[in-house]
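In the numbering used here, the protein residues as written are 623 to 873. All C-beta atoms, glycine included, are put in the ideal place defined by N, C-alpha and C. Written below as structure tokens is the structure these notes are about.
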């Protein structure tokens with residue numbers, strides 16, 4: 623479309639022309655994906671209830687205030703796969719706002735009752751250490767967050783991701799305990815492996831046959847007396863048949 627992209631702190635500045643094109647592309651892509659993914663259903667609006675984040679800085683970019691998961695959970699309960707665009711809107715639906723895909727995926731996982739894993743798809747196959755140009759295997763945010771934030775190469779989208787991951791994994795209300803940043807081919811491989819190895823009556827959980835890329839988590843020492851309670855909470859978590867994929871405008 624001849625529009626030069628501009629980013630501030632890892633988020634795209636979205637003027638009126640960019641927003642119009644984004645909506646058209648998102649809707650067309652949603653239709654394409656749902657036509658290619660068996661047993662799927664598209665959700666193009668009504669999920670991310672938002673307000674303007676900062677018009678002077680980002681123009682028509684939204685700050686998610688509420689996530690309405692009603693339609694998504696209904697789709698999942700009917701054993702179908704929701705494909706959700708990360709286009710936000712105000713409460714009465716009169717104004718559309720662009721939502722960063724990383725932010726959208728984190729906010730949705732925070733609001734889905736039984737989501738225990740969050741999966742991000744990256745062409746690089748994980749988070750890369752710019753000093754070595756190698757994929758980082760694991761990041762323990764409980765001990766490494768501040769040191770990563772102090773590194774000069776951690777900027778733009780990488781910095782935004784780590785901040786979002788830290789907020790999610792630190793939240794007492796969120797049930798997500800691990801975040802994977804992996805490649806599209808490893809998602810396909812893990813899905814095939816999971817479908818091959820799981821019995822019909824088994825709980826469905828992605829199984830990676832090789833290193834998934836980058837695994838982000840927070841370690842902690844359970845306080846005495848609540849270990850059993852925490853284990854019961856983990857045992858009660860269900861795993862949905864599809865992870866939340868944050869990339870290129872989709873979750």
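Problem - Start-to-end residues for the alpha helix (DSSP H) that takes in residue 730 - result: 723-733 is the span of the alpha helix (DSSP H), which, as asked, contains residue 730.
Practice task
Name, in chain order, the residues that DSSP records as bridge partners for residue 703.
Solution key: Partner residues in the beta bridge of residue 703, as assigned by DSSP, are 662.
Practice task
Would you mind stating whether residue 798 and residue 737 have Cβ atoms separated by less than 8 Å?
Solution key: A contact, by the Cβ cut-off of 8 Å.
Handout entry: Endpoints, beta strand (DSSP E) assigned at residue 687
Key = It spans 684-689 - the beta strand (DSSP E) in which residue 687 sits, taken as one unbroken run.
Handout entry: Neighbour-count burial assignment, residue 672, 16 or more Cβ in a 10 Å radius
Key = Per the 10 Å Cβ criterion, buried.
Problem - Three-state class that DSSP yields for residue 808 in the structure shown - result: In the structure shown, residue 808 sits in a helix (DSSP, three-state: H, G or I).
Practice task
Give me whichever residues DSSP pairs with residue 636 in a beta bridge.
Solution key: DSSP lists 681 as the bridge partner or partners of residue 636.
Practice task
Determine the direct distance from the alpha carbon of residue 670 to that of residue 692, and round the result to whole angstroms.
Solution key: About 12 Å.
Exercise for the section: Count the other CB atoms, across all protein chains shown, that sit within 10 Å of the CB of residue 731; report buried if there are 16 or more and exposed otherwise. Expected result: So residue 731 ends up on the buried side.
Handout entry: Boundaries of the alpha helix (DSSP H) in which residue 754 is found, first to last residue
Key = That residue, residue 754, is in no alpha helix (DSSP H); it is neither H nor E in DSSP.
Practice task
Check residue 672 in the structure and name its three-state DSSP category.
Solution key: Strand, per DSSP.
Handout entry: Residue from 781, 790, 769 with nearest C-alpha to residue 633
Key = The alpha carbon of residue 633 has as its nearest neighbour, out of 781, 790, 769, the alpha carbon of 781.
Problem - residue 844 versus residue 739 - alpha carbon distance - result: Because residue 844 carries a pLDDT of 45, less than 50, the predicted location of this residue cannot be relied on, and no value is offered for it.
Problem - Three-state secondary structure (DSSP) of residue 715 - result: In the structure shown, residue 715 adopts coil according to DSSP, grouped into three states.
Practice task
Kindly indicate the opening and closing residues of the beta strand (DSSP E) around residue 740.
Solution key: Segment 739-743, the beta strand (DSSP E) holding residue 740.
Exercise for the section: Leaving aside the five residues before and after residue 710 along the sequence, list all residues of the same chain whose C-beta is less than 6 Å from its C-beta, in chain order. Expected result: So the qualifying residues of the chain are 670, 672, 684, 719, 721.
Exercise for the section: Run through the region 765-807 for me and flag every whole alpha helix (DSSP H) of 4 or more residues, listed as ranges in chain order. Expected result: Fully enclosed alpha helix (DSSP H) runs of 4 or longer: 778-792.
Handout entry: Cα-Cα separation, residue 747 to residue 785
Key = Pairing residue 747 with residue 785, the inter-Cα distance amounts to about 19 Å.
Practice task
Would you kindly report the start and end of the unbroken beta strand (DSSP E) that includes residue 762?
Solution key: Per DSSP, residue 762 belongs to the beta strand (DSSP E) from 760-762.
Exercise for the section: Could you check the C-alpha separation between residue 715 and residue 640 for me, to the nearest Å? Expected result: Each residue's Cα considered, the two are about 19 Å apart.
Practice task
Measure the CB-CB distance between residue 841 and residue 769 and report whether it falls below 8 Å.
Solution key: Not a contact, by the Cβ cut-off of 8 Å.
Practice task
Given a cut-off of 8 Å, decide if residue 689 and residue 664 are closer than it, judged by their beta-carbon atoms.
Solution key: Residue 689 is positioned such that its CB atom lies no closer than 8 Å to that of residue 664.
Exercise for the section: Find out if the Cβ-Cβ distance for the pair residue 657, residue 702 is shorter than 8 Å. Expected result: Residue 657 places its beta carbon 8 Å or farther from that of residue 702.
Problem - Bridge-paired residues (DSSP) for residue 835 - result: Bridge partners of residue 835: none, in fact.
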